[in-house]
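A.B. asks: Here's a structure for you.
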Amino acid sequence: MLPPPGFRPRANQGMLDQMPTPSPIRRETIALPEASLGTQRTWTALHYGTPGQGPKAYIHTGLHADELPGLLLCDHLGRLLDAAAARGEILGEIILVPFTNPIGLGQWVNGTHLGRFEMGGAGNFNRGYPVLGPEVAQRIGHQLTDNAAANVTLIRATMKTILADLQPVKEMDHLRLTIMKHAIDADIALDLHCDTRALMHLYLGTPLWPDAKDLAADLGSHATLLAEDSGGSSLDEALGGPWWHLAKAFPDKPIPPACLATTVELRGESDVTDALAAQDAAALFRFLQRRGVLAGDPGPLPALINDASDLTASDLLVAPVPGVLVYKVGLGDRVKKGDLVAEIVNPLTHGRTPITATTDGFILVMRHTHNVRPGFQVAKVVGTEPLAHRQGYLLSD
1 MLPPPGFRPR ANQGMLDQMP TPSPIRRETI ALPEASLGTQ RTWTALHYGT
51 PGQGPKAYIH TGLHADELPG LLLCDHLGRL LDAAAARGEI LGEIILVPFT
101 NPIGLGQWVN GTHLGRFEMG GAGNFNRGYP VLGPEVAQRI GHQLTDNAAA
151 NVTLIRATMK TILADLQPVK EMDHLRLTIM KHAIDADIAL DLHCDTRALM
201 HLYLGTPLWP DAKDLAADLG SHATLLAEDS GGSSLDEALG GPWWHLAKAF
251 PDKPIPPACL ATTVELRGES DVTDALAAQD AAALFRFLQR RGVLAGDPGP
301 LPALINDASD LTASDLLVAP VPGVLVYKVG LGDRVKKGDL VAEIVNPLTH
351 GRTPITATTD GFILVMRHTH NVRPGFQVAK VVGTEPLAHR QGYLLSD
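Residue numbers (the UniProt record's numbering): 1 to 397.
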């Protein structure tokens, strides 16, 4: 005899005792102020777990809004986190922002998406974040103790207070502040990007190595480029930099680099496939397990592909003349100083201008377009020896 429609068997107490308690998930939406009449954008974050319970990870993507591999990765990672939450496996707190830059997402000109620079004149979306270290140092010097954990708590509280006191006017500054407020107290902060054509690589604060080897190994990073200050106050350095600034300012007090903040370059702009996104999402999931943010066994740590190197040992090769760019190497190819990397062709004169390697190393980044003008970046070569001319501002615009 069939049970009546809508019948559900009652679970016995033993079954209920075996059911996991789901981890909390909530969606947060923040309205940015109007930048022009009749328009308003929103910033949305997904919160997993309980604030203050265990390590905190902040993960976002799309700060450069036309870099899409991270958006697809967040779809896959969000599914993994949803399932983990249902199993009660969120041990800490995770904030996932699947597209962190609604301003850049809406910037289209004649069918072309322009997501790297704010078209209202505010510049590169990943530059100009608040530099907190000096202000924190002025406020807390007399309050630091010999207890590292207490110092971390004090520093985080002070940074939150400084951010709370800021009064931004422009929409872009509101966005920067919203991001900073959500990430400033994170133990892990991952800013997901991609390059034009590239191998997987990381930008990392020098004091965070070798502690971050597990992230580089899990992701299969081909290069980890180290700098304490690469110029421009990018987000990862705005989050991580205060910790080593304060450690230098107060060498007699225990101040650890308490935020593993890094820029993750998810290969190139065209590397938008479910296979790669699923692979990278699984790698980040395992990394979060290793760090105690998620429950579960991540398995053995993969071997590191390449050791880290100083960012000043990597050179940016630029075009000296306009023309058609023709490569003579591929991604990952090893080159020696003086080797031919590319030529720029002038089809009117049949001229070919060579571009040669300035150091021994391997090709990490290449252009995806071939019509170049003087000063355009052609390739990034990762070496091991610091280069004398690589000083000051070390990033590409």
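Every residue gets a Cβ at the ideal spot worked out from N, C-alpha and C, and that includes glycine.
(1) Out of Val109, Leu215, Cys259, Leu154, state which residue places its alpha-carbon closest to the alpha-carbon of Lys253.
(2) Opposite Lys181 in the DSSP bridges: which residues?
(3) Would you be able to state if there are at least three C-beta pairs under 8 Å between the stretch 318-327 and the stretch 370-382?
(4) Rounded to a whole number of angstroms, what is the C-alpha to C-alpha distance between Ala83 and Leu77?
(5) Does Ser396 pass the burial test, meaning 16 or more other C-beta atoms within 10 Å, or should it be called exposed?
(6) Taking C-alpha atoms, which residue in Gln107, Pro210, Cys259 lies nearest to Ala149?
(7) Can you tell me whether Glu28 is buried or exposed? The criterion is at least 16 other CB atoms within 10 Å of its CB, across all chains shown.
(8) Using only the alpha-carbon positions, how far apart do Asn126 and Leu294 sit?
(9) Counting only the same chain and skipping the five closest in sequence on each side, list residues whose C-beta sits under 8 Å from that of Gly141.
(10) In this structure, how does DSSP classify Asn147 when only helix, strand and coil are distinguished?
(11) Less than 8 Å between the C-beta atoms of Gly232 and Pro257, yes or no?
(12) Taking the beta strand (DSSP E) that Gln377 belongs to, which residues open and close that run?
(13) According to DSSP, Phe117 sits in a beta bridge with which residue or residues?
(14) Provide the residue span of the beta strand (DSSP E) that contains Lys56, from first to last.
(15) When you compare only the Cα positions, how much space is there between Ile255 and Leu163?
(16) Could you pull the DSSP bridge partners for Val372 from this structure?
(17) Which one of Thr100, Gly115, Leu68 has the shortest CA to CA distance from Gln107?
(18) Where do the N-terminal and C-terminal ends of the alpha helix (DSSP H) with Glu265 fall, by residue?
(19) Following the continuous beta strand (DSSP E) through Ala281, name the residue where it begins and the one where it ends.
(20) Smallest Cα separation from Gly392: which of Asp185, Leu311, Glu171?
(21) Helix, strand or coil for Gly232, going by three-state DSSP, please let me know.
(22) Whole-angstrom Cβ separation of residue 405 and Ala217, contact assumed at under 8 Å?
(23) Taking Cβ to Cβ, would you say Leu204 is nearer than 8 Å to Arg267?
(24) How about Ala186 and Ala85: do their beta carbons lie closer than 8 Å?
(25) Nearest by alpha-carbon distance to His193: which of Thr158, Thr61, Ala227 is it?
(26) Given this structure, state the Cα-to-Cα distance separating Gly361 from Leu144, to the nearest angstrom.
(27) Quick one: using the 10 Å Cβ neighbour count with 16 as the cut-off for buried, is Ser23 buried or exposed?
(28) Do you know how far the Cα of Met19 is from the Cα of Val109?
(29) Between Leu202 and the rest of its own chain, which residues show a CB-CB distance below 8 Å, the 5 nearest in sequence each way excluded?
(30) May I ask you to report which of helix, strand or coil DSSP gives Thr39?
(31) Given a cut-off of 8 Å on the beta-carbon distance, is the pair Ala238 and Val131 in contact?
(32) Can you name, in chain order, every residue of its own chain whose Cβ lies under 8 Å from the Cβ of Phe117, other than the five neighbours on each side?
(33) In whole angstroms, give me the CA-to-CA distance for His50 and Arg26.
(34) Gly88 to Arg176, Cα distance in whole Å?
(35) Using a threshold of 8 Å, state whether the C-beta atoms of Pro354 and Leu340 are closer than that.
(36) Under the three-state reduction of DSSP, which class applies to Pro257: helix, strand or coil?
C.D. replies: Walking through what the data contain:
(1) Here the question's residue 253 lines up with position 253 in the sequence shown. Of the candidates Val109, Leu215, Cys259, Leu154, the one whose C-alpha sits nearest the C-alpha of Lys253 is Leu154.
(2) For this step, residue 181 is matched to residue 181 along the sequence shown. Paired residue(s): none; Lys181 is not in a bridge.
(3) yes
(4) Locating residue 83 in the sequence shown gives position 83, counting from the first residue. Locating residue 77 in the sequence shown gives position 77, counting from the first residue. Whole-angstrom Cα-Cα distance: 10 Å.
(5) For the purposes of this step, residue 396 is identified with residue 396 of the sequence shown, where counting begins at 1. Under this definition Ser396 is an exposed residue.
(6) Within the sequence shown, residue 149 is the residue found at index 149, counting from 1. Residue Cys259 is the option with its Cα nearest to Ala149.
(7) In the sequence shown, the residue the question calls residue 28 occupies position 28. So Glu28 counts as exposed.
(8) Residue mapping note: residue 126 aligns to position 126 of the sequence shown, counting from 1. Residue mapping note: residue 294 aligns to position 294 of the sequence shown, counting from 1. Going by the C-alpha atoms only, they are around 29 Å apart.
(9) Here residue 141 corresponds to residue number 141 of the sequence shown, with the count starting at 1. Answer for Gly141: Ala249, Phe250, listed in chain order.
(10) Here residue 147 corresponds to residue number 147 of the sequence shown, with the count starting at 1. Asn147: coil per DSSP, three-state reduction.
(11) For this step, residue 232 is matched to residue 232 along the sequence shown. For this step, residue 257 is matched to residue 257 along the sequence shown. Taking 8 Å as the Cβ cut-off, Gly232 and Pro257 do not qualify as a contacting pair.
(12) Within the sequence shown, residue 377 is the residue found at index 377, counting from 1. Residues 377-382.
(13) Your numbering for residue 117 matches position 117 in the sequence shown. Note: Phe117 sits in a beta bridge opposite Asn124.
(14) Against the sequence shown, residue 56 aligns to sequence position 56. Lys56 -> beta strand (DSSP E) spans 56-61.
(15) Here residue 255 corresponds to residue number 255 of the sequence shown, with the count starting at 1. Here residue 163 corresponds to residue number 163 of the sequence shown, with the count starting at 1. Each residue's Cα considered, the two are about 20 Å apart.
(16) Within the sequence shown, the letter at position 372 stands for residue 372. Partner(s): Gly323.
(17) Counting from 1 along the sequence shown, the entry for residue 107 is found at position 107. Closest option to Gln107, Cα to Cα, is Gly115.
(18) Here residue 265 refers to the residue found at position 265 when the sequence shown is read from its first residue. Taken as a continuous stretch (DSSP letters only), Glu265 belongs to no alpha helix (DSSP H), being part of the beta strand (DSSP E) at 260-268.
(19) Position 281 of the sequence shown holds residue 281. Taken as a continuous stretch (DSSP letters only), Ala281 belongs to no beta strand (DSSP E), being part of the alpha helix (DSSP H) at 274-290.
(20) The sequence position of residue 392 within the sequence shown is 392, counting from 1. Checked all of Asp185, Leu311, Glu171; the closest Cα to Gly392 is Leu311.
(21) Your numbering for residue 232 matches position 232 in the sequence shown. Of the three classes helix, strand and coil, the one that applies to Gly232 here is coil, per DSSP.
(22) Look at the range of the chain in this structure, 1 to 397, and you will see that residue 405 is not part of it.
(23) Here residue 204 refers to the residue found at position 204 of the sequence shown. Here residue 267 refers to the residue found at position 267 of the sequence shown. No, these two residues do not count as a Cβ contact at 8 Å.
(24) For this step, residue 186 is matched to residue 186 along the sequence shown. For this step, residue 85 is matched to residue 85 along the sequence shown. Not in contact: Ala186 and Ala85 (Cβ atoms no closer than 8 Å).
(25) Counting from 1 along the sequence shown, the entry for residue 193 is found at position 193. Looking at the Cα atoms, Thr61 is the closest of the given residues.
(26) Indexing the sequence shown from 1 puts residue 361 at position 361. Indexing the sequence shown from 1 puts residue 144 at position 144. Their backbone Cα atoms lie some 44 Å apart in a straight line.
(27) As a first step, residue 23 must be located in the sequence shown, where it is residue number 23. Buried, because 16 or more other Cβ atoms sit within 10 Å of the Cβ of Ser23.
(28) By 1-based counting over the sequence shown, the position of residue 109 is 109. By 1-based counting over the sequence shown, the position of residue 19 is 19. So the two alpha carbons sit approximately 52 Å from each other.
(29) Stepping through the sequence shown from its first residue, residue 202 is reached at position 202. Answer for Leu202: Ala212, Leu215, Ala216, Leu219, Ser221, Ala223, Thr224, Leu225, Thr262, Thr263, Val264, Glu265, listed in chain order.
(30) As a working mapping, residue 39 is identified with position 39 in the sequence shown. Coil.
(31) Translated into the one-based positions of the sequence shown, residue 238 becomes position 238. Translated into the one-based positions of the sequence shown, residue 131 becomes position 131. For Ala238 and Val131, yes; Cβs fall inside 8 Å.
(32) Here residue 117 corresponds to residue number 117 of the sequence shown, with the count starting at 1. Excluding residues within five positions, the ones whose Cβ falls inside 8 Å are Gly123, Asn124, Phe125.
(33) Working through the sequence shown from its first residue, we reach residue 50 at position 50. Working through the sequence shown from its first residue, we reach residue 26 at position 26. It is worth fixing the name first, because residue 50 is Thr in this sequence and not His. If you take the alpha carbons of Thr50 and Arg26, they lie about 10 Å apart.
(34) Looking up residue 88 in the sequence shown gives position 88. Looking up residue 176 in the sequence shown gives position 176. The straight-line gap from Cα to Cα measures roughly 32 Å.
(35) The residue labelled residue 354 in the question sits at position 354 within the sequence shown. The residue labelled residue 340 in the question sits at position 340 within the sequence shown. Yes. Within cutoff.
(36) Locating residue 257 in the sequence shown gives position 257, where the first residue counts as 1. Reduced to three states, the DSSP call for Pro257 is coil.
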